[in-house]
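Asker: Chains as they are written, first to last, in this note's numbering: chain S, 1 to 314; chain B, 1001 to 1455.
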C-alpha cells in the first residue's frame, strides 16, 4: 500500500506543491499535522527506542540493582533459544492454518448466504455472532463448558461415537486453539466475501448461463476472479490480527502443555511476566519487529501489485 | 528534506509531552505514609478461603468497624499473582498496600528491602496481636533474620485425601503413613477410566502448581535440585526415577487433562466424586468440609506418601506482607492484623462453621474445643504434617538451598516455571520424561554456581 501511495504522490506532486512555495506556506500546511505527528512519535517511537535500549541491558525485575549494559548477550540468547524458534514457527503455523481454513469456510458460507431463502436475515446474524463475542469470553467458553475432559459438552456429544474423555487441551492443544481461532474468524471472512459476491454484476452471470456454463465453471471462471481482491483483503487483515493472537493461547492453554501452544506474543508475555527478564523480552521483541517488517514489506508489495493490476484491468 | 529548526522544535515538543506524561505518572506517590485511614489495595490468590470468606467478611465486618478504611481486592491465580506482585514491588509502583506472599518470596523480598519489618514496625507496638501464638515452622518460614516480614493467613503441608467408601468397597486399607509404591497399587485398583480417577494429581505448569507436588516426590526418592556445589541434578537417577514415577502415575491412573489441573480444578474434581485419592495441600480439607459436605463425610486422610525419607510433606503459607514505601501503612497493618488474628477465626467460625476456619497458623486454634469438635478428622494430621517439615533439610542428602517444594533463590521463579512447563509437557504426552528432564537440566545449567549461591 505504501508503494501505491508513493506512486500517487509522485504523479501529483507537481500539482499540489508548486516549486518555491514560501516557508510560511509550507508551515501552514504542516502545522495542522503536527499534533498527530507528535502523538505518533510519543506513543510509538519513544517506546520503541526505550525497548531498543533495554534490549542491550541485563534487567531482571527480581534482581535488585536495576539495569546494566550487557552488549549483545540478550540477542545471542534469543537466537540460541529453542523456545523462541519454536514460538516463531508456531506463530506462522497457527496464523497460516487458521487464516486459510477460515477463508475456505468463509467462501463456502458466503456462497450459501448469497442465495435467497426463508429466514436469511436470522441465519446471517447467527453466523456473524462468533466474531462479535469477546475473544476472552469465547476462549473461556471453549476451555471449560466445551472442551473440559470431565465435564465438557464436546466429549458428552462424542461419547455415543466411542470417544471417551479426550483431554482436548492436553493431547490436541494446538489443534484446539486453531479451531477456536477459525471459529472466531470465519464470520469475518464470510462478511468480506459476501460483500464481494453482492457486488458481482448479475448480467455477466446471466450471460454465462445463456452460454451454457455450469455452476462450477461459472464459479471458477467468473466468481472466483471477481472475489480475488476480497479474498486477498480478508487474508491480509486476518493474518495481521491472528499473528498477534494472544487471548486464546493465554486463556485456553497458557502456552502449554510444555510449550506446545506458545506463539510469539505469548512468549514475549511470559518472558516479562513470569521470567521478569525485561532485557531478554526487549531483545526478542526487537527481533520480532524486524522479522515482521521484512514479511510485511514483501506482503504489502505483493498486494500493492495485485490491486494495481485489478485497477488496470477494470 | 526537513530543515533543522523543524527537527529541533519537533524534538522539543515531543520532549515536553513526554515530560508532562512522566510528571503525571509520578505524582500521587507523596500521600501520607502512616495514615490509619484511606484505601488499602490487597493482592490475593484466588482460592476459596479468600474469595468466599475473606472478601465478604472484609465488606461486612472490617469496613464497618473501620469506617475510614476502604479495602480493594485484586484477585489472581497463583502464577499471575506472583507476576503482578513481583512487578509491583520490584519497580516500586506501589499499587498494592498489602501483598499475599509465601515462604519463597518473604525472605527474598525482605533481603532486597522490599518489605516492612512487621515485628519491629507493628507487632512490637501491638501486643494484642499475639505473634508468639503463630505455629513455629510457619513463623520461621516467614521470617528473615529473626523478624517476621509477613504473617500467615493460612498454613499448609501436603497430605493424601482418599475416599473411605471406595477403599472399603475395594477391600483396601490406607495406612497412616503410606509409601508411594502402596499408593500406586491402590490407584491401579481404584481407577475406573472415564468415571473415577485412581489418583488426582497436579499437572498444571507452575513451580507452585505441578512442581510443588512433584518436588515432594523427588525429595523422598532422594533427588535434589542442586548438589552441595550448586550443580543442577535434574537428570540424576533419583530425580529421573521420581519424575518417571509421578508422570506414569498420573498418566495411567490420574484424571484426564491433568496438565491443566492444579488445586482449584482438583478440588472441584474431588468434590464431584471423580477421584479415589488426591494428593494435595492439607488446607483442601477445609474447603472440602465447606463446599462438599457429603464427600467430606467419606474422606479419610493420610500423611504425604514416602519412599526413602521419613516424611515428605511440603510447607507453605499464604501470608500477608506490607511492601516498603507504600501509602496508608497504618491502615494496611490494621487490615493485615485483622485478617490474621484470632478474632478473624472466631468470625469465620460463627459465620461459616468452625471446620471452615483458615488452618495452620496459630497454636491456639489447635487447642480450641469448638474447632476440634468440627475439624477433628483433619486437624491433628494437618498440625503433625506441618510440624514434621524441615525446609533446611528437604531431601535425603544435604543441599545448599532452603525450601521443600521450591529452591529459595531469585532464579527459581524463572527456572521453576521452565522445568514445570517441561513436566506438564511430559504429563500431556507431548514429550518424553527423559527429553523433558534433559531440557530442564540445560535450563538450570544456564546459571553458574556462583550466580546461584549469591542468591
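Note that beta-carbon positions come from the ideal geometry of N, C-alpha and C, so glycine has one too.
According to DSSP, is residue 290 of chain S part of a helix, a strand, or is it coil?
Answerer: Residue 290 of chain S falls in the helix class under three-state DSSP.
Asker: Please return the same chain residues whose Cβ sits closer than 7 Å to the Cβ of residue 1449 of chain B, not counting the five positions on each side in sequence.
Answerer: Closer than 7 Å at the Cβ level, and outside the excluded window around residue 1449 of chain B, lie 1229, 1230 and 1231.
Asker: If you draw a straight line from the alpha carbon of residue 1032 of chain B to that of residue 1143 of chain B, how long is it in whole angstroms?
Answerer: Confidence at residue 1032 of chain B is low in this model, with a pLDDT of 43, below 50, so its placement is unreliable and the value that follows should be read with caution. Taking the straight line from one Cα to the other gives about 27 Å.
Asker: What separation, rounded to the nearest whole angstrom, lies between the Cα atoms of residue 1466 of chain B and residue 1140 of chain B?
Answerer: Beyond the ends of chain B as shown, which are 1001 and 1455, falls residue 1466 of chain B; an answer cannot be given.
Asker: Report yes or no: do the stretch 1200-1214 of chain B and the stretch 1279-1287 of chain B share at least 3 C-beta pairs separated by less than 8 Å?
Answerer: Output reads yes: the stretch 1279-1287 of chain B touches the stretch 1200-1214 of chain B.
Asker: Return the Cβ separation of residue 1283 of chain B and residue 1156 of chain B in integer angstroms, given the expectation that the two are a contact with Cβ distance under 8 Å.
Answerer: Confirmed, about 4 Å.
Asker: Can you list, in chain order, the residues of its chain with a C-beta nearer than 6 Å to that of residue 1088 of chain B? Leave out the 5 residues immediately preceding and following it.
Answerer: Once the five neighbours on either side are set aside, the close Cβ partners of residue 1088 of chain B are 1095 and 1096.
Asker: Quick check: the stretch 1399-1415 of chain B against the stretch 1313-1326 of chain B, are there 3 or more CB pairs under 8 Å?
Answerer: Touching, yes, given that three or more Cβ pairs across the two stretches are closer than 8 Å.
Asker: In angstroms, rounded to a whole number, what distance separates the CA positions of residue 1138 of chain B and residue 1329 of chain B?
Answerer: Distance between the alpha carbons of residue 1138 of chain B and residue 1329 of chain B: 24 Å.
Asker: Taking residue 149 of chain S as the query, report the chain B residues whose CB atoms sit under 8 Å from its CB, ordered along the chain.
Answerer: Neighbours of residue 149 of chain S on chain B, chain order: 1255, 1256 and 1257.
Asker: Near residue 1235 of chain B, which residues of its chain fall below 6 Å by C-beta distance, leaving aside the five closest residues on each side in sequence?
Answerer: The answer, listed in chain order, is 1437 and 1441.
Asker: So, is the C-beta of residue 254 of chain S closer than 8 Å to a C-beta in chain B?
Answerer: It does; some Cβ of chain B falls within 8 Å.
Asker: So, residue 230 of chain S versus residue 195 of chain S, is the Cβ gap smaller than 8 Å?
Answerer: Yes. Within cutoff.
Asker: Would you say residue 169 of chain S lies against chain B (beta-carbon separation less than 8 Å)?
Answerer: Yes, residue 169 of chain S lies at the interface with chain B (some Cβ there is under 8 Å from its Cβ).
Asker: Between the beta-carbon of residue 1447 of chain B and the beta-carbon of residue 1411 of chain B, is there less than 8 Å?
Answerer: Closer than 8 Å, so yes.
Asker: Alpha carbon to alpha carbon, how far is residue 1269 of chain B from residue 1292 of chain B?
Answerer: Approximately 11 Å between the Cα atoms of the pair.
Asker: Opposite residue 1192 of chain B in the DSSP bridges: which residues?
Answerer: BP columns for residue 1192 of chain B point to B:1196.
Asker: Measure the Cβ-Cβ separation of residue 1222 of chain B and residue 1308 of chain B and say whether it is below 8 Å.
Answerer: Cβ atoms of residue 1222 of chain B and residue 1308 of chain B: closer than 8 Å.
Asker: Rounded to a whole number of angstroms, what is the C-alpha to C-alpha distance between residue 296 of chain S and residue 185 of chain S?
Answerer: Roughly 21 Å separates the two Cα atoms.
Asker: Enumerate in chain order the residues of its own chain whose CB-to-CB distance from residue 1106 of chain B is below 6 Å, with the five nearest sequence positions on each side excluded.
Answerer: Correct list, in chain order: 1142, 1149 and 1150.
Asker: To which residues of the same chain is residue 4 of chain S closer than 6 Å at the C-beta, ignoring the five residues directly before and after it?
Answerer: The predicted position of residue 4 of chain S is uncertain, since its pLDDT is 43 and thus under 50; a value taken from the coordinates is nonetheless stated next. Only 304 meet the Cβ criterion.
Asker: Excluding the 5 residues flanking residue 1354 of chain B on each side, which residues of the same chain have their C-beta closer than 6 Å to its C-beta?
Answerer: Closer than 6 Å at Cβ, skipping near neighbours: 1370, 1371 and 1374.
Asker: Just the chain S side, please: which residues come within less than 7 Å of residue 1410 of chain B by C-beta, in chain order?
Answerer: 62 and 63, listed in chain order.
Asker: What are the residues that DSSP puts in a beta bridge with residue 1362 of chain B?
Answerer: BP columns for residue 1362 of chain B point to B:1134.
Asker: Looking at the structure shown, is residue 1399 of chain B part of a helix, part of a strand, or coil, going by DSSP?
Answerer: Residue 1399 of chain B: coil per DSSP, three-state reduction.
Asker: Hey, could you find the ends of the beta strand (DSSP E) residue 1319 of chain B is sitting in?
Answerer: Residues 1316-1321.
Asker: Alpha carbon to alpha carbon, how far is residue 168 of chain S from residue 176 of chain S?
Answerer: Going by the C-alpha atoms only, they are around 7 Å apart.
Asker: With a cut-off of 8 Å, does the C-beta of residue 260 of chain S fall near any C-beta of chain B?
Answerer: Interface residue, yes.
Asker: Note down, in chain order, every chain S residue with its Cβ under 8 Å from the Cβ of residue 963 of chain B.
Answerer: Any question about residue 963 of chain B goes unanswered here, given that chain B covers just 1001 to 1455.
Asker: Which residues of chain S have a Cβ atom closer than 8 Å to the Cβ of residue 1112 of chain B, listed in chain order?
Answerer: Within 8 Å Cβ-Cβ: 64.
Asker: Grab me the residues of residue 1262 of chain B's own chain with a C-beta within less than 6 Å of its C-beta, minus the 5 sequence neighbours each way, in chain order.
Answerer: Correct list, in chain order: 1202, 1204 and 1209.
Asker: Name the two residues that bound the continuous beta strand (DSSP E) containing residue 1041 of chain B.
Answerer: Residues 1038-1045.
Asker: Check whether the Cβ of residue 1156 of chain B lies closer than 8 Å to any Cβ atom in chain S.
Answerer: So, not an interface residue.
Asker: Taking the runs of the beta strand (DSSP E) that are 3 residues or longer, which of them lie wholly in the stretch 125-163 of chain S?
Answerer: None, since the stretch 125-163 of chain S contains no complete beta strand (DSSP E) of that length.
Asker: Within 8 Å (strictly less), CB to CB, does residue 1260 of chain B reach chain S?
Answerer: Interface residue, yes.
Asker: Say whether chain S places a C-beta atom closer than 8 Å to the C-beta of residue 1194 of chain B.
Answerer: Residue 1194 of chain B counts as touching chain S.
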